[in-house]
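Everything in the sequence shown is counted per our numbering, starting at 1 for the first residue and increasing by one. Yeah, the Cβ is synthetic: ideal placement off N, Cα and C, and Gly gets one too. To keep things clear, I will list the structure first and then write my remarks on it.
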Amino acid sequence: MTADLEIFDSLDMYGATFALAQQIEAAAQVAAAVENLPDPTGVNAVVVMGMGGSGIGGDVAAAVASPTASVPVLVSKNYECPGWVGPDTLVLASSFSGNTEETIAAASAAHEAGARMVVMASGGSLVELAAEWGIPVVPLDASIPMPRAGIGAVSVTPLVLLERMGFVSGITEQISATVAQLRRRGDQLAVGVPGADEGSGDRVPVDPSTFIARRIGRTIPLVYGGGVLGEAAAWRWKGQFNENPKVPSWPNRVPELTHNEIAGWAVNGDVTRQVFTLVLLRHDFEHPQVAARFAIIEEVCDEIV
């Protein structure tokens, strides 16, 4: 770690990020070994409960699972449990600390409603309640320094459970591919690895992550992602901006934002370009029309943000 990182990254999120591949592998192994999972027969919906750094794992799991899942996979981030939750619902309650009050309240209501449940936590009151209720617990690694550093564990754990219970398939293969990709990308993105200046093809003397950070600078980042996968990623970026450098950030989803938010950039470009930076998150699984909408966004926003 460089001197600058030691000053600005006192909690070592850099180290946690580059340990993500190992974190995912370890969490998948733990989730694969948990016994006494609920009987999936007759389950007609899955709800993942969680807040903040734990809740984003539900967003990622739902984004990955929903396109092929045999039942709806939904995320709940509230004190209340959805009113339709009952004996035919599987509830996965996620709280890294095990003491998140919203998740405890919602999980307690789900238990009262007779839902089939699994708890994901490193300890705390939620684990104690799980023992009282007689439901299985998937332990999250307590050595992870903070929930937002545990994105791999809180995302992979529900996906492995859903695969084991027969609601989705192919998760094991996707995890292996993800781990391999993360290791390749880690080699490319490490501080000190020169990157390419976007749009020019010229090499620049900083790594891509430092380059992006400098481009954003002191502006407020707007993060746009495409489809359900891109939206989950945009919310993750937003949360990281909020909790690490302590700056505001706003995410949105393509194509929805092209029906409303994009109209807001029609005027005041002389002001907005000094205040905001637009971050576009792209992936290989975008719908062709989503890719076309991104091109429109770039054209509209080029001189505005």
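Does the separation of the CB atoms of residue i and residue j fall below 8 Å?
i: Gly-186; j: Phe-18; result: yes
i: Met-120; j: Val-91; result: no
i: Pro-38; j: Met-117; result: yes
i: Gly-226; j: Phe-294; result: yes
i: Val-223; j: Ala-21; result: no
i: Glu-299; j: Gly-269; result: no
i: Ala-113; j: Val-85; result: yes
i: Ala-63; j: Ala-232; result: yes
i: Leu-140; j: Ala-131; result: no
i: Gln-289; j: Pro-251; result: no
i: Gly-150; j: Phe-96; result: yes
i: Ala-40; j: Met-165; result: Sequence check: residue 40 is Pro here, not Ala. Yes, the Cβ-Cβ distance between Pro-40 and Met-165 is below 8 Å.
i: Val-127; j: Thr-157; result: no
i: Val-228; j: Ser-66; result: yes
With a 10 Å radius around its C-beta and 16 neighbouring C-beta atoms as the bar for buried, classify residue i as buried or exposed.
i: Glu-173; result: exposed
i: Ile-296; result: exposed
i: Phe-285; result: exposed
i: Thr-272; result: buried
i: Glu-6; result: exposed
i: Asp-202; result: Confidence in Asp-202 is poor, its pLDDT being 49 and thus under 50, which makes the residue's placement unreliable; the coordinate value appears in the next sentence. With fewer than 16 other Cβ atoms within 10 Å, it is exposed.
i: Lys-238; result: buried
i: Trp-235; result: buried
i: Glu-101; result: exposed
i: Arg-253; result: buried
i: Ala-177; result: exposed
i: Ala-291; result: exposed
i: Gly-230; result: buried
i: His-287; result: exposed
i: Ser-143; result: exposed
i: His-259; result: exposed
i: His-283; result: exposed
i: Ser-200; result: Unreliable placement is indicated for Ser-200, whose pLDDT of 49 sits below 50; the coordinate value is still reported in the next sentence. The residue in question, Ser-200, is exposed, as its Cβ has fewer than 16 Cβ neighbours within 10 Å.
i: Glu-198; result: Reliability fails at Glu-198, whose pLDDT of 49 lies under 50, so the model's placement of it is uncertain and the value that follows must be treated cautiously. Exposed.
i: Ala-196; result: Model confidence at Ala-196 stands at a pLDDT of 48, short of 50, so the residue's coordinates are unreliable and nothing is read from them.
Contact check, residue i vs residue j under 8 Å by CB: the rounded distance?
i: Asp-207; j: Leu-182; result: Asp-207 to Leu-182, Cβ: 16 Å. No contact.
i: Glu-31; j: Leu-161; result: Checking the sequence, you will find Ala at residue 31 rather than Glu. Contact flag correct, Cβ pair sits at about 6 Å.
i: Ala-109; j: Pro-87; result: The Cβ separation is near 14 Å, so there is no contact.
i: Gly-124; j: Gly-98; result: 2 Å
i: Ala-28; j: Ile-175; result: 5 Å
i: Gly-55; j: Val-75; result: 7 Å
i: Thr-103; j: Val-43; result: Incorrect: roughly 20 Å between the Cβ atoms, too far for contact.
i: Pro-147; j: Val-34; result: Pro-147 to Val-34, Cβ: 20 Å. No contact.
i: Ala-107; j: Ala-93; result: 4 Å
i: Ser-155; j: Glu-163; result: About 13 Å; that fails the 8 Å criterion.
Nearest by alpha-carbon distance to residue i: which of the options is it?
i: Leu-159; options: Trp-235, Val-247, Trp-133, Ala-61; result: Ala-61
i: Glu-80; options: Val-71, Glu-163, Val-47; result: Val-47
i: Met-13; options: Gln-240, His-259, Arg-253, Ser-70; result: Gln-240
i: Leu-11; options: His-259, His-283, Pro-245; result: Pro-245
i: Pro-145; options: Leu-257, Lys-77, Ala-16, Arg-184; result: Ala-16
i: Leu-257; options: Asn-36, His-111, Cys-301; result: Cys-301
i: Pro-82; options: His-111, Asn-242, Gln-23, Ile-171; result: His-111
i: Glu-25; options: Ile-171, Leu-281, Asn-242; result: Ile-171
i: Val-307; options: Ala-45, Leu-281, Ser-122; result: In this structure the chain extends from 1 to 305, so residue 307 is not present and cannot be described.
Using a C-beta cutoff of 8 Å, does residue i count as contacting chain D?
i: Phe-18; result: Annotation note: the requested chain D is absent from the structure, which comprises a single protein chain.
May I ask you to verify whether the stretch 213–222 touches the stretch 276–284, counting CB pairs closer than 8 Å and requiring at least 3?
yes
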